[in-house]
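>
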Amino acid sequence: MNAIELTHVSKIYRRYGGRQFSTLKSALFQRSILRDLQPSETFPALEDVSFTVTKGSTFGVIGRNGSGKSTALKLVAGITKPTSGTVKVEGRISALIELGAGFHPEISGRENVFINGIMLGLTKREIQDRFDEIVDFAELREFIDAPVKTYSSGMYMRLGFAVAINVNPDVLLVDEVLAVGDEGFTHKCLDKFAELKRSNKTILLVSHSLNLIERFCDAAVWLDAGRKQAEGDPKRVVGAYLTKVEEGEEALLAATTAKAVENASHGQGGQGGQEGQEKRDGVDGREGQEAVAERPADPTSNMFQATEERPEPPADGHRAVEGRWGSREVEITGVALLDAEGHPSFVFHSGDSMSIRVGVHAAQPTDDFVFGIGLFNADGVCCYGTNTYLEDMTPERLAGDAEASFAIDGLDLVEGTYKLDVAVHKRDGFPYDYHRLLYTFRVKSRVHDVGIYRPRHHWTFTPNIIFKAER
Numbered sequence: 040m041n042a043i044e045l046t047h048v049s050k051i052y053r054r055y056g057g058r059q060f061s062t063l064k065s066a067l068f069q070r071s072i073l074r075d076l077q078p079s080e081t082f083p084a085l086e087d088v089s090f091t092v093t094k095g096s097t098f099g100v101i102g103r104n105g106s107g108k109s110t111a112l113k114l115v116a117g118i119t120k121p122t123s124g125t126v127k128v129e130g131r132i133s134a135l136i137e138l139g140a141g142f143h144p145e146i147s148g149r150e151n152v153f154i155n156g157i158m159l160g161l162t163k164r165e166i167q168d169r170f171d172e173i174v175d176f177a178e179l180r181e182f183i184d185a186p187v188k189t190y191s192s193g194m195y196m197r198l199g200f201a202v203a204i205n206v207n208p209d210v211l212l213v214d215e216v217l218a219v220g221d222e223g224f225t226h227k228c229l230d231k232f233a234e235l236k237r238s239n240k241t242i243l244l245v246s247h248s249l250n251l252i253e254r255f256c257d258a259a260v261w262l263d264a265g266r267k268q269a270e271g272d273p274k275r276v277v278g279a280y281l282t283k284v285e286e287g288e289e290a291l292l293a294a295t296t297a298k299a300v301e302n303a304s305h306g307q308g309g310q311g312g313q314e315g316q317e318k319r320d321g322v323d324g325r326e327g328q329e330a331v332a333e334r335p336a337d338p339t340s341n342m343f344q345a346t347e348e349r350p351e352p353p354a355d356g357h358r359a360v361e362g363r364w365g366s367r368e369v370e371i372t373g374v375a376l377l378d379a380e381g382h383p384s385f386v387f388h389s390g391d392s393m394s395i396r397v398g399v400h401a402a403q404p405t406d407d408f409v410f411g412i413g414l415f416n417a418d419g420v421c422c423y424g425t426n427t428y429l430e431d432m433t434p435e436r437l438a439g440d441a442e443a444s445f446a447i448d449g450l451d452l453v454e455g456t457y458k459l460d461v462a463v464h465k466r467d468g469f470p471y472d473y474h475r476l477l478y479t480f481r482v483k484s485r486v487h488d489v490g491i492y493r494p495r496h497h498w499t500f501t502p503n504i505i506f507k508a509e510r
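Each residue of the sequence shown is one higher than the last, beginning at 40 in the numbering used here.
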């Protein structure tokens, strides 16, 4: 038996800023507020969406902001009506959508519990029977007789949550309300959801916490731009959603990288443009090699020691800003990040293989060249740096167009955004072409650990330490 059914549901809102009715009377004379509006004057929050939630199941709704998730919950709650299609719900509903919406700030928490409980369909006797449980759940025993206007936002939301969760509903609607308290209160909320689930209550859950959807829900639906994209097993639906998200991130990172390279090449970053050329040509009495000493220490070079021509790098030398500089005698013509299949990519998963392919052009043959790679996190802190000379590769000849590839068997980084230094320079560190922090990529992980890198590891335990098996 289905507890919730949405059948070909659409919800259209009117855009503001266009043609508007001056009075309710004029709107009534027009007979329809939406019917005669042009498509550009309307906004479809939901379009032809259908899904069912079986009685006693927990059903998740996922999607990016503005996808129609909250609109769907408000339709199920009866807060708003569909423009077309039908919505059917069996049983008493409690909606954790706008917590404490009926609270009056001037009266006490105690009085608001009774008012809000009656609004949610409880009798005065039922509220009296559950009052202590509500107050204890909200952790507001010593403040329950104070006016609600004296509550912090967290206290206010906790009281609203406690009232709604203790209505003993047949259908519970939950819209991103697990941030109403500290971590301890969040665990208490999850325990309450689990209790309702064991009691064969129906739960419709909207959340950006994909781990929660996978762990807690029996089925899920993915909405995007008001349309249903997938429905069914939570792991499959979440996987499809993450794939779509990664496609969007790929496009954004590709555009960001292209813009950074273009700006640096045209002198808007680092030592590009006329100023950079003057430094490379030794204008103002300085040779190009001496000008390099003004740069922070670079992780692609083995020349970290101080000399008269090369002063000691600053203490924070492994923190840097993006840019491009060098003589261009050997020029970097292209940089590509490749996945395990050799396809260009900007989004990788922790543990994946990655290759960095560097295209170069040498205007004249040379026997003095070093290829370097530096890896930084989003804060500009160096995670790793190496070059061919450090790895005992003695240069012999480079001429014309060529390519060098740096392959990483396992990208053991924690989730986050990272940037690359790519360089070609002489053995003494003098740069032919140095690209600092111009290439951005993202590492994704379902494990939200912290730090910079994730070492290959495993746990072992004695037999008396037991963990629950994964679902």
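Virtual Cβ for every residue (Gly too), placed ideally from N, Cα, C.
Among the residues of its own chain, which have a CB less than 6 Å from the CB of Tyr478, if the five just before and after it don't count?
So the list reads Thr296, Val374, Leu459, once near-sequence residues are dropped.
> From Pro502 to His487, what does the alpha carbon distance come to, in whole angstroms?
Spanning the two alpha carbons is a distance of roughly 27 Å.
> If you draw a straight line from the alpha carbon of Gly95 to that of Lys113, how long is it in whole angstroms?
The straight-line gap from Cα to Cα measures roughly 20 Å.
> What's the gap between the Cα of Glu314 and the Cα of Ala258?
At Glu314, the pLDDT of 41 sits below 50, so the modelled position is not reliable; the number obtained from the coordinates is stated separately. Distance between the alpha carbons of Glu314 and Ala258 is about 60 Å.
> Taking 8 Å as the limit between beta carbons, can you name the residues of its chain near Val369, skipping five residues before and five after?
Excluding residues within five positions, the ones whose Cβ falls inside 8 Å are Val399, His400, Ala401, Ala402, Thr405, Phe408, Leu437, Val463, Tyr471, Asp472.
> Are there 16 or more other CB atoms within 10 angstroms of the CB of Tyr423, so buried, or fewer, so exposed?
With fewer than 16 Cβ atoms within 10 Å of its Cβ, Tyr423 is classed as exposed.
> If you drop the 5 nearest sequence neighbours on each side, which residues of the same chain put their C-beta closer than 8 Å to that of Asp171?
Closer than 8 Å at the Cβ level, and outside the excluded window around Asp171, lies no residue.
> Does DSSP classify Asn239 as helix, strand or coil?
Reduced to three states, the DSSP call for Asn239 is coil.
> Which partner residues does His388 have in the DSSP bridge list?
Answer is Lys483.
> Cβ of Leu159 within 7 Å of Cβ of Ser133?
Yes, these two residues count as a Cβ contact at 7 Å.
> Suppose you measure from the CA of Ala354 to the CA of Asn426; what does that come to, to the nearest Å?
Here Ala354 scores only 41 on pLDDT, less than 50, and its place in the model should not be relied on; the value that follows carries that caveat. Answer to the nearest angstrom: the Cα atoms are 22 Å apart.
> Any idea if Gly449 is buried or exposed, counting beta-carbon neighbours within 10 angstroms, 16 or more meaning buried?
Gly449 is exposed by the Cβ-count criterion.
> Using the C-alpha atoms, what's the distance from Ala203 back to Ala185?
Rounded to the nearest angstrom, the two C-alpha atoms are 20 Å apart.
> Taking the beta strand (DSSP E) that Asp263 belongs to, which residues open and close that run?
Unbroken beta strand (DSSP E) run through Asp263: 258-263.
> From Ile43 to Glu454, what does the alpha carbon distance come to, in whole angstroms?
Taking the straight line joining both Cα atoms gives about 37 Å.
> To which residues does DSSP link Trp364 through a beta bridge?
Answer by DSSP bridge pairing, in chain order: Tyr473.
> Fully enclosed by the stretch 365-451, which beta strand (DSSP E) runs are 3 residues long or longer?
Counting whole runs of 3 or more residues, the stretch 365-451 contains the beta strand (DSSP E) stretches 369-377, 386-388, 393-405, 409-416, 421-426, 437-447.
> Got a sec, what are the start and stop residues for the beta strand (DSSP E) Gly124 sits in?
Here the beta strand (DSSP E) through Gly124 covers 123-128.
> Quick check: Gly419 and Cys256, are their CB atoms within less than 7 Å of each other?
For Gly419 and Cys256, no; Cβs fall outside 7 Å.
> Which value, in whole angstroms, describes the spacing of the CA atoms of Val115 and Ile447?
Each residue's Cα considered, the two are about 50 Å apart.
> Anyone know if the C-beta pair for Val187 and Asn151 falls short of 7 Å?
Contact: yes.
> Where do the ends of the alpha helix (DSSP H) carrying Lys267 lie?
Careful: Lys267 lies outside any alpha helix (DSSP H), inside the beta strand (DSSP E) at 266-271.
> Whether or not the stretch 240-250 and the stretch 100-107 are in contact is what I'm after, with contact meaning three or more pairs of Cβ atoms, one per stretch, closer than 8 Å; do they touch?
At 8 Å Cβ cutoff, the stretches touch.
> By how many angstroms is the C-alpha of Arg266 removed from the C-alpha of Asp87?
Distance between the alpha carbons of Asp87 and Arg266 is about 7 Å.
> Among Ser389, Ala417, Thr372, whose alpha-carbon lies nearest the alpha-carbon of Val397?
Comparing Cα positions, the closest option is Thr372.
> Look at Phe445 and Ile491 and say whether their C-beta atoms are less than 7 Å apart.
Contact flag unset, no.
> From the DSSP output, in three-state form, read off Leu161 for me.
The answer is coil: DSSP assigns Leu161 none of H, G, I, E or B.
> Roughly how many angstroms separate the alpha carbons of Leu198 and Phe182, rounded to a whole number?
Computed Cα separation, rounded: 11 Å.
> Taking the alpha-carbon of Phe385 as reference, which of Leu291, His497, Lys283 has the nearest alpha-carbon?
Nearest of Leu291, His497, Lys283 to Phe385, Cα basis: Leu291.
> Please state if the CB of Lys274 and the CB of His388 are separated by a distance shorter than 7 Å.
Not closer than 7 Å, so no.
> So Phe176 packs on Asn205, CB below 8 Å; how close in whole Å?
7 Å between Cβ atoms; contact.
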